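A quick write-up on the structure given underneath.
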Amino acid sequence: MGERKVMIQIPENITELKSYKPGKPLSQVIEELGLTEVAVLWNNENNFGPSPKAMEFVTASLSNSHVYPDPVCTELRNLLAAKWNRKFEQVAVGNGSESIFNNLFNAFFENGDELLTCSGTFVAVYIWAKANNVKVQTVPLSDGFTFDLDALYNAIYDKTKAIYLSNPNNPTGAMIPEQDLKAFIEKVPSNVLIIVDEAYFEFAHDLSTEFPNSASYNYENVLTLRTFSKAYGIAAIRIGYAIGHEKLIEAIMKVKLTFEPSNLAQAAGIGALSDEEYLNKTIENNTTEIKKYYQTFEALNLNYTPSFGNFVMLNFENEETVHFYFEELMKLGVFVRPLKAFGLPHCLRITVGLPRENEMCIEALTEIASR
Ligand SMILES: Cc1ncc(COP(=O)(O)O)c(C=O)c1O
Numbered sequence: 050m051g052e053r054k055v056m057i058q059i060p061e062n063i064t065e066l067k068s069y070k071p072g073k074p075l076s077q078v079i080e081e082l083g084l085t086e087v088a089v090l091w092n093n094e095n096n097f098g099p100s101p102k103a104m105e106f107v108t109a110s111l112s113n114s115h116v117y118p119d120p121v122c123t124e125l126r127n128l129l130a131a132k133w134n135r136k137f138e139q140v141a142v143g144n145g146s147e148s149i150f151n152n153l154f155n156a157f158f159e160n161g162d163e164l165l166t167c168s169g170t171f172v173a174v175y176i177w178a179k180a181n182n183v184k185v186q187t188v189p190l191s192d193g194f195t196f197d198l199d200a201l202y203n204a205i206y207d208k209t210k211a212i213y214l215s216n217p218n219n220p221t222g223a224m225i226p227e228q229d230l231k232a233f234i235e236k237v238p239s240n241v242l243i244i245v246d247e248a249y250f251e252f253a254h255d256l257s258t259e260f261p262n263s264a265s266y267n268y269e270n271v272l273t274l275r276t277f278s279k280a281y282g283i284a285a286i287r288i289g290y291a292i293g294h295e296k297l298i299e300a301i302m303k304v305k306l307t308f309e310p311s312n313l314a315q316a317a318g319i320g321a322l323s324d325e326e327y328l329n330k331t332i333e334n335n336t337t338e339i340k341k342y343y344q345t346f347e348a349l350n351l352n353y354t355p356s357f358g359n360f361v362m363l364n365f366e367n368e369e370t371v372h373f374y375f376e377e378l379m380k381l382g383v384f385v386r387p388l389k390a391f392g393l394p395h396c397l398r399i400t401v402g403l404p405r406e407n408e409m410c411i412e413a414l415t416e417i418a419s420r
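Per the working numbering, residue 50 is the first one in the sequence shown, and the count goes up by one each step.
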């Protein structure tokens, strides 16, 4: 054997990606700051804990852990199809909607195809695209922090394979109303895939009658993404779904990992769908509590964007103020998300939590603003 000289070549797109660097564990931060009560409002999670019915179903399916999961996910897809009045063949499921998104590149993109979206949206999208060696073309968000549909439309060119819309937009909370979304879809060439990410659908639907349900559309080039991670509170279990034309769904199901999602995740989804009580409690809490934030922001003269998700975004004059609020809130036990990584360095996102957590956050904001 000759001398071994050449290392494995890592493709440039992967070399350029930054590794995920976890911060200090939350428990360590809590200990270091000597906090006795905390409000964790940084990940848009459901702080009620998981849906009890989802847990029941997971527990029951544990004894089947020696058997491979149903690769076709028959029961869960049938339930979702019935819920959204679509056919079984029009529903795909995956390890969270992030997995479905990641699979879209395999299913639909060829050499040189690009993804078009706005800067200032769900940051993972840019990472998944880069990992898949897909170029992302961006246009700025509109003044109201929502997707600028005119700018997106004007940016479409022959390499545009797909457009990504987050509705409502994480992290800004702004939404695209039904009328605008439909007009946009009608206009966009039908060979361009429109991905409508409705991770916060259940909250948005309760907050506005103008919020669209793109899962009810029947366009050949529209794919709706939804998740069980937010309103159903099972983010750790990893289950999400897509609804769209059967041709799109077939391609997605072909490229997913054979036994994705696990039997526990499928069971959790099935259980969660039957948990009306939990879902209603979650949505009611969000719709009521979000108003308390608005009242506080107005009283404190803080700039915010009306939100249609389970979070609110504050828009400060500069990055230093964001940092100041972030640090000071943390010292008072309130953990929120500065949005530099999302391309919005002057903004801060707060998840709407349980009443006591929101009260803590509101008291802390009021105290900090008065300094
Ligand atoms: C807009 C948006 N899409 C997708 C996701 C990921 O969802 P999942 O947990 O199903 O992968 C999130 C999670 O924060 C999100 O905010």
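A virtual CB, placed ideally from N, CA and C, is assigned to each residue, including glycine.
Since this is a predicted model, take the numbers as computed values, not measurements.
Judged by their CB atoms, arginine 275 and phenylalanine 308 are not nearer to each other than the 8 angstroms cut-off. Under the criterion of beta carbons closer than 8 angstroms, threonine 370 and methionine 362 do not qualify as touching, at roughly 14 angstroms. Contact between lysine 305 and asparagine 152 holds, since their C-beta atoms are separated by about 5 angstroms, short of 8 angstroms.
If you compare the alpha carbons of Val55, Arg53, Ile288 with that of valine 107, the shortest gap goes to Ile288.
Under the 10 Å beta carbon count, aspartate 324 is surrounded by 16 or more other beta carbons and is classified as buried.
As the crow flies, the alpha-carbon of leucine 414 is around 20 angstroms from that of glycine 222. Residue pairing by DSSP places glutamine 186 opposite Leu165 in a beta bridge. At the C-beta level, phenylalanine 260 and phenylalanine 357 come within 8 angstroms of one another.
Rounded to whole angstroms, the separation of the alpha carbons of proline 60 and leucine 198 is 34 angstroms. Where isoleucine 319 is concerned, the enclosing alpha helix (DSSP H) starts and stops at 312 to 322. By the CB criterion at 8 angstroms, glutamate 163 and lysine 236 fall outside the cutoff.
Rounded to the nearest whole angstrom, the CA to CA distance from asparagine 203 to alanine 390 is 26 angstroms. Distances from the CB of aspartate 119 to the heavy atoms of ligand 1 are all 7 angstroms or more. Taking 8 angstroms as the cut-off, the Cβ atoms of alanine 88 and glycine 402 count as close.
Note on geometry: alpha-carbon atoms of alanine 285 and proline 238 lie some 37 angstroms from one another. Secondary structure remark: continuous alpha helix (DSSP H) runs of at least 4 residues inside the segment 188 to 252, in chain order: 198 to 204, 227 to 236. Per the coordinates, the alpha-carbon of proline 404 lies some 8 angstroms from the alpha-carbon of asparagine 334.
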